[in-house]
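Colleague: Residue numbers (this note's numbering), protein chains in the order written: chain W, 121 to 655; chain V, 55 to 498.
Think of the CB as a built atom: it goes at the ideal place given N, C-alpha and C, for glycine as much as any other residue.
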Amino acid sequence: MLTVKKSQQKFIGLLVLFTAIILPWIVVVLYEYSTQQVGGNSEVMLVNFKKDTVINVDHSKFWLLQQEFNDPREVTKACLTCHNKIDREIMMSSHWKWTRKYVTEQGDTIELGKKNIINNFCIGISSNEPLCTSCHIGYGWKDSSFDHNDKNNIDCLVCHDQTGTYKKFPAGAGFPVTKTKKFGNKTFTPPDYNLIAQNIGKPQKENCGACHFNGGGGNNVKHGDIAREMNQVTHDIDVHMAIDGAKMNCTDCHKTEHHNITGNLYSIASVDDNRVSCEQCHTGSPHTNSILNQHTDKIACQTCHIPEYAKVSSTKMSWDWSTAGKLNNDGSLITEKDSLGNMTYFTKKGSFVWKNNVEPEYVWFNGNAKHYVTGDKVDPGKVVKLNTLLGSYSDKKAKIIPIKKHVGKQIYDTENNIMIIPHLFGKDSTAYWGNYDWDKAARVGMASAGLPYSGNYGFISTEMSWPINHMVASRNESLKCTDCHTSNGRLNSLTDFYLPGRDKSNFLDSVGIILILMSFAGVFVHAALRIINRK
Amino acid sequence: MKRKTYIYRGFERFWHWNQALLIFFLAFTGFEIHGSYKILGFENVVRWHNIAAWALLVLIVFAIFWHFVTGEWKQYIPTTKFMKAQISYYITGIFKGAPHPTHKTIYNKFNPLQRLIYLGLKIFVIPIQVTTGFFYLFYVYPDNPIHIVGLNVVAIIHTFGAFVLMAFVIAHVYLTTTGHTPLSGIKAMITGWEVIDVDEKEERQNNLMNAVNESAAGYYRLNKEGIIEDVNDAWLEMYSCKSRDEIIGKHYSYTRDKKNLAELDNLVTRVLNGEVITGMPVMRRCFDGSSGKHLLSANPVIEENTVLGLEGFILDIKESEKLSEHMYFTVRNSGAGYYRLDEKGVIIDVNSAWLEFYKYNSKDEIVGKHFSITRKPDDIDELENTFNTVMSGDTITGKIATRRCKDGTVGKHILSANPITIGNKTVGMEGFIIDISKLDDKSI
Numbered sequence: 121m122l123t124v125k126k127s128q129q130k131f132i133g134l135l136v137l138f139t140a141i142i143l144p145w146i147v148v149v150l151y152e153y154s155t156q157q158v159g160g161n162s163e164v165m166l167v168n169f170k171k172d173t174v175i176n177v178d179h180s181k182f183w184l185l186q187q188e189f190n191d192p193r194e195v196t197k198a199c200l201t202c203h204n205k206i207d208r209e210i211m212m213s214s215h216w217k218w219t220r221k222y223v224t225e226q227g228d229t230i231e232l233g234k235k236n237i238i239n240n241f242c243i244g245i246s247s248n249e250p251l252c253t254s255c256h257i258g259y260g261w262k263d264s265s266f267d268h269n270d271k272n273n274i275d276c277l278v279c280h281d282q283t284g285t286y287k288k289f290p291a292g293a294g295f296p297v298t299k300t301k302k303f304g305n306k307t308f309t310p311p312d313y314n315l316i317a318q319n320i321g322k323p324q325k326e327n328c329g330a331c332h333f334n335g336g337g338g339n340n341v342k343h344g345d346i347a348r349e350m351n352q353v354t355h356d357i358d359v360h361m362a363i364d365g366a367k368m369n370c371t372d373c374h375k376t377e378h379h380n381i382t383g384n385l386y387s388i389a390s391v392d393d394n395r396v397s398c399e400q401c402h403t404g405s406p407h408t409n410s411i412l413n414q415h416t417d418k419i420a421c422q423t424c425h426i427p428e429y430a431k432v433s434s435t436k437m438s439w440d441w442s443t444a445g446k447l448n449n450d451g452s453l454i455t456e457k458d459s460l461g462n463m464t465y466f467t468k469k470g471s472f473v474w475k476n477n478v479e480p481e482y483v484w485f486n487g488n489a490k491h492y493v494t495g496d497k498v499d500p501g502k503v504v505k506l507n508t509l510l511g512s513y514s515d516k517k518a519k520i521i522p523i524k525k526h527v528g529k530q531i532y533d534t535e536n537n538i539m540i541i542p543h544l545f546g547k548d549s550t551a552y553w554g555n556y557d558w559d560k561a562a563r564v565g566m567a568s569a570g571l572p573y574s575g576n577y578g579f580i581s582t583e584m585s586w587p588i589n590h591m592v593a594s595r596n597e598s599l600k601c602t603d604c605h606t607s608n609g610r611l612n613s614l615t616d617f618y619l620p621g622r623d624k625s626n627f628l629d630s631v632g633i634i635l636i637l638m639s640f641a642g643v644f645v646h647a648a649l650r651i652i653n654r655k
Numbered sequence: 055m056k057r058k059t060y061i062y063r064g065f066e067r068f069w070h071w072n073q074a075l076l077i078f079f080l081a082f083t084g085f086e087i088h089g090s091y092k093i094l095g096f097e098n099v100v101r102w103h104n105i106a107a108w109a110l111l112v113l114i115v116f117a118i119f120w121h122f123v124t125g126e127w128k129q130y131i132p133t134t135k136f137m138k139a140q141i142s143y144y145i146t147g148i149f150k151g152a153p154h155p156t157h158k159t160i161y162n163k164f165n166p167l168q169r170l171i172y173l174g175l176k177i178f179v180i181p182i183q184v185t186t187g188f189f190y191l192f193y194v195y196p197d198n199p200i201h202i203v204g205l206n207v208v209a210i211i212h213t214f215g216a217f218v219l220m221a222f223v224i225a226h227v228y229l230t231t232t233g234h235t236p237l238s239g240i241k242a243m244i245t246g247w248e249v250i251d252v253d254e255k256e257e258r259q260n261n262l263m264n265a266v267n268e269s270a271a272g273y274y275r276l277n278k279e280g281i282i283e284d285v286n287d288a289w290l291e292m293y294s295c296k297s298r299d300e301i302i303g304k305h306y307s308y309t310r311d312k313k314n315l316a317e318l319d320n321l322v323t324r325v326l327n328g329e330v331i332t333g334m335p336v337m338r339r340c341f342d343g344s345s346g347k348h349l350l351s352a353n354p355v356i357e358e359n360t361v362l363g364l365e366g367f368i369l370d371i372k373e374s375e376k377l378s379e380h381m382y383f384t385v386r387n388s389g390a391g392y393y394r395l396d397e398k399g400v401i402i403d404v405n406s407a408w409l410e411f412y413k414y415n416s417k418d419e420i421v422g423k424h425f426s427i428t429r430k431p432d433d434i435d436e437l438e439n440t441f442n443t444v445m446s447g448d449t450i451t452g453k454i455a456t457r458r459c460k461d462g463t464v465g466k467h468i469l470s471a472n473p474i475t476i477g478n479k480t481v482g483m484e485g486f487i488i489d490i491s492k493l494d495d496k497s498i
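1. Suppose only complete runs of 3+ residues qualify. What are the beta strand (DSSP E) ranges in the segment 422–473 of chain V, listed by chain order?
2. By the DSSP assignment, the beta strand (DSSP E) with N277/V in it spans what residues?
3. Should F164/V be flagged as near chain W, meaning a C-beta pair shorter than 9 Å?
4. Who are M539/W's beta bridge partners in DSSP?
5. Go to A115/W, then tell me how far its beta strand (DSSP E) extends in each direction, as first and last residue.
6. Using only the alpha-carbon positions, how far apart do N369/W and V498/W sit?
7. Name the DSSP bridge partner or partners of V527/W?
8. For a test of the three-state rule: what should DSSP assign to K296/V, helix, strand or coil?
9. Just checking my contact of N507/W with A489/W at CB under 8 Å: how many whole Å lie between their CB atoms?
10. For H212/V, count neighbouring C-beta atoms within 10 Å of its own C-beta (all shown protein chains included) and say buried if the count is 16 or more, exposed if not.
11. Using a Cβ-Cβ distance under 9 Å, would G160/W count as near chain V?
12. With DSSP run on the structure shown, which of helix, strand or coil describes V643/W?
13. Since V478/W contacts A430/W with CB under 8 Å, what's their CB separation in whole angstroms?
14. Looking only at DSSP bridge pairs, what is L509/W linked to?
15. Let me see if you follow: with CB-CB separation under 9 Å, is G485/V close to chain W or not?
16. Is it the case that the Cβ atoms of I490/V and I454/V are separated by a distance below 9 Å?
17. At which residues does the alpha helix (DSSP H) containing F486/V begin and terminate?
18. Nearest to L200/W by alpha carbon, out of N272/W, M584/W, N319/W and Y532/W?
19. Using three-state DSSP, classify M591/W as helix, strand or coil.
20. On the criterion of 16 or more Cβ atoms from any shown chain inside 10 Å, does L453/W qualify as buried, or is it exposed?
21. Do S269/V and A288/V have their CB atoms nearer than 9 Å?
22. Would you identify the three-state DSSP class for F289/W, choosing helix, strand or coil?
23. Under the rule that 16 or more other beta-carbon atoms within 10 Å means buried, what is D418/V, buried or exposed?
24. Indicate whether at least one CB of chain W lies closer than 9 Å to the CB of G89/V.
25. Out of Y144/V, L369/V, Q183/V and H467/V, which one is the CA nearest neighbour of A407/V?
26. Take M243/V as the anchor and find which of K150/V, T230/V, F188/V and W127/V has the nearest alpha-carbon.
27. V207/V: which of V223/V, P199/V and I182/V sits nearest, CA to CA?
28. Going by DSSP, what residue range makes up the alpha helix (DSSP H) through F303/W?
29. So, helix, strand or coil for G159/W, using DSSP?
30. What are the start and end residues of the alpha helix (DSSP H) that includes R563/W?
31. Just checking: is the beta-carbon of N478/V within a distance shorter than 9 Å of some beta-carbon in chain W?
32. Taking Cβ positions only, does P406/W come closer than 9 Å to chain V?
33. When you compare the CB of G260/W with every CB in chain V, is at least one pair closer than 9 Å?
34. Are the beta-carbon atoms belonging to G294/W and Y259/W less than 9 Å from one another?
35. Return the residues of the segment 219–232 of chain V that lie within a Cβ-Cβ distance of less than 7 Å from chain W, sorted by chain order.
36. Counting only beta-carbon atoms, is G204/V nearer than 9 Å to chain W?
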């Protein structure tokens, strides 16, 4: 009897010990699972988000807008009759000036903009103004003599038209056509200014998109993350602008006061101000998981939430000018297209590479960028970075952002070692398009920009970084931990910090593995000797 | 001396096994974070690694508290004593079946190598893992007032620490098999009990101390001036004294009536002069005014050749014992003969009447002999039967027997016999004989 009792006691003792060890584990596991489910179903939290209210004014009742308009400038004059201080707001905006103030490394304040920054698409505006300025919010910028101080040159309608019928002619220096005219395979008709002026309103996606979707001369060419399809996009492409989602307009994020539209695109912008951020609505800690919230110190929202861009129409990844100028035997222009209809070669422009559903590249970015400014020397042995996004791991303000890297091969002066702005467009004997003579085009283009040209030219590789901010995916499609926390992950090119799951000290890992193998070996040898000696 | 001993207490075992589970779990999740394999998914293992880290921290806080409160931290003080012996035991001795060079006791659970390794874990490896783990978790973000530039250093140290811990676990688990039996170490860590060496001297001291404390005999100690310095519970009970405070510090005269005091004074003087009293019946005066009788022993307390006082035991002589005494004398002086045999039939005691019947001169002549000596060869079987019957539990109340005396003559007597039992075991036979040689057969 006594021994039975003792073994029972012993059993109960062990049971208590076992329970004491296991119980905390069970409690923690159950608690974790219960909280995890609550977190998974939570709604997206927003702060400060407010859609613009529309002021209810019927412009069709104003007699001023019922007059006959022969020239769009008369419309502007009519607008400014009532909105009589708005011209000053417009004239301070970068949409009008096409420049921004920039303090150089030497401390000089300069105006930096399209007139002195080049890209690796159509390169530069000097001598090509009539074509480029069809996207300027003004009338008549056909050469450097354009008067930025004439308020009647302002184009109100391109942003405020709500009829969808107002179109600027692509080669008209900002003017619509006065007579029906063709450009390529598109037909342009003179706008009905009365109808348009009487139906104006706050800018919609279509207004902004008229220029911004078509940067680089076609749909989605430049940005990769904003394209014409944004007008009718679905939730799986962009959760914000989706017609079956948040139905947001550009200006819902790009908040605007006194015609200053927030937002910088660092292909041309340089300074960390006037920016739009996800945090303005989503806050800096939008996740229920605190570890994800800690990531926002170093990782921009876009990095995880835009896993790919160019989800509908293709975007241009590479533009090689050096192959341009080839003609068919009969003297006609050569056009080659890929299976999606994207042009892969065109005599006027050279060779292109297009891509769809592109995985971004990633860089550190602190909100400031450097640019190649016309006249800067280049190193012929190196790829020229036309813009450089600044930042590094050790930069407290820098975060990892996704970018589209656009590479180019474009003309430069092999003697002066400076980039060349060629004269591309014009109905003259020197424009490259029509004459296919780089020397003449370079000579005229550089003279127009006030830059020297030696007469010797070559082609050099260039690179541009375009931050990706749109086409935000739904939560389920955002990046997972192991997209980066793994060897050969998305952040493989960013090597200036230790990334768990990706990085290791090969030496200490080897030492550790050898240590463990030696422990096992020691155990086996020792145990074997013990067993042998026992017999 | 080996003894099954409770060596690992409940908390110790709880701590050990939970720590073991947590270390395994942390290693399993940690190496997935490290990119060594993909099983639970990165997000999950990060979350679980963090939770387990917190759990381990809580456990460590409790364990530190426990180690200091119980003084068990002293087990980890490193020593070089027997270090060489221990190393050579693992390298050579163990294969030859040599004994462990160090002996595990509850006061010295770990051999010198264990002390060194465990201490290294406690003050070096685990603190480094905890510290680097915390930097890993909290101090890489530039918003913190204290922060580090990158994870590079802490991550590498943390990972290497994990390798070291894993190597330790492998060796540790293996070395548990080097105990008395391959599984005795692990069993002990589960049940708390292990067969270990016991310090004989210490054990004996404990036993003796315990014996004095718990004894039914009263213990007392006086100093040279005759002041009572200590008594045990049995003493207090015999004197009907409620608490030790009432008697400690008083003179021994307090324990006697005046008429009996001189006897005690005499005794104390003799003992303080070096004499030892082995047993002396005395009368005590109890605290409730009654008196009692007890047997007293006394010996001097000597330290470094100086007599510091005296001490001894007292055994109560109760009324029932007086009765036993009376019966003892009855048996001793009775006209009936008394005998006592052990379980083998060897005579171990007889009284003087028995000796007279059998014509022996002294007890020494017969004690130690087999009962067969008391019968003629023809009658031995009968006594054998009687002996067997009684040894199987029966009592014989009266039986006529013919005895063979020392000189070969015979006599008749009536015999009684009963088994002697201690507990439930029969250890012998005893009984009385009454001589009937002088009676003729008819009257019987």
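Modeller: In short, the structure shows the following:
1. Here the runs fully enclosed are 450–458.
2. Residues G272 to N277.
3. With 9 Å as the cut-off, F164/V does not count as an interface residue toward chain W.
4. Beta-bridge partners of M539/W (DSSP): Y532/W.
5. Nothing can be reported for residue 115/W, as the shown portion of chain W is limited to 121 through 655.
6. If I take the Cα positions, the gap works out to 41 Å.
7. The partner list for V527/W (beta bridge, DSSP) reads S438/W and E583/W.
8. K296/V: coil per DSSP, three-state reduction.
9. Confirmed, about 5 Å.
10. H212/V comes out buried.
11. Unreliable placement is indicated for G160/W, whose pLDDT of 49 sits below 50; no coordinate value is reported for it.
12. Three-state DSSP puts V643/W in a helix.
13. Going by Cβ atoms, the distance from V478/W to A430/W rounds to 5 Å, so yes, they are a contact pair.
14. According to DSSP, L509/W bridges with A489/W.
15. Output row for G485/V: interface = no.
16. Between I490/V and I454/V, the gap from beta carbon to beta carbon is short of 9 Å.
17. First-last for F486/V: K479 to D489, but that is the beta strand (DSSP E), not the alpha helix (DSSP H).
18. Comparing Cα positions, the closest option is N272/W.
19. In the structure shown, M591/W sits in coil (DSSP, three-state: anything other than H, G, I, E or B).
20. Exposed: under 16 other Cβ atoms inside 10 Å.
21. For S269/V and A288/V, yes; Cβs fall inside 9 Å.
22. Coil.
23. By the neighbour-count rule (16 or more Cβ atoms within 10 Å), D418/V is not buried but exposed.
24. Output row for G89/V: interface = yes.
25. Comparing Cα-Cα distances from A407/V to each of Y144/V, L369/V, Q183/V and H467/V, the minimum goes to H467/V.
26. Considering only K150/V, T230/V, F188/V and W127/V, the residue with the shortest C-alpha distance to M243/V is T230/V.
27. Ranking V223/V, P199/V and I182/V by Cα distance to V207/V puts I182/V first.
28. Not the alpha helix (DSSP H): F303/W falls in the beta strand (DSSP E), residues K301 to F303.
29. Because the pLDDT of G159/W is 46, which lies under 50, any placement of that residue in the model is unreliable, and the question is left without a value.
30. That run of the alpha helix (DSSP H) goes W558 to A569.
31. Against chain W, the CB of N478/V has no partner CB under 9 Å away; the residue lies outside that interface.
32. Answer no: the Cβ-Cβ gap between P406/W and chain V never drops below 9 Å.
33. No, because no Cβ of chain V sits closer than 9 Å to the Cβ of G260/W.
34. Yes, these two residues count as a Cβ contact at 9 Å.
35. Within the segment 219–232 of chain V, the qualifying residues are M220, A221, I224, A225 and Y228.
36. It does: the Cβ of G204/V has a partner Cβ on chain W nearer than 9 Å.
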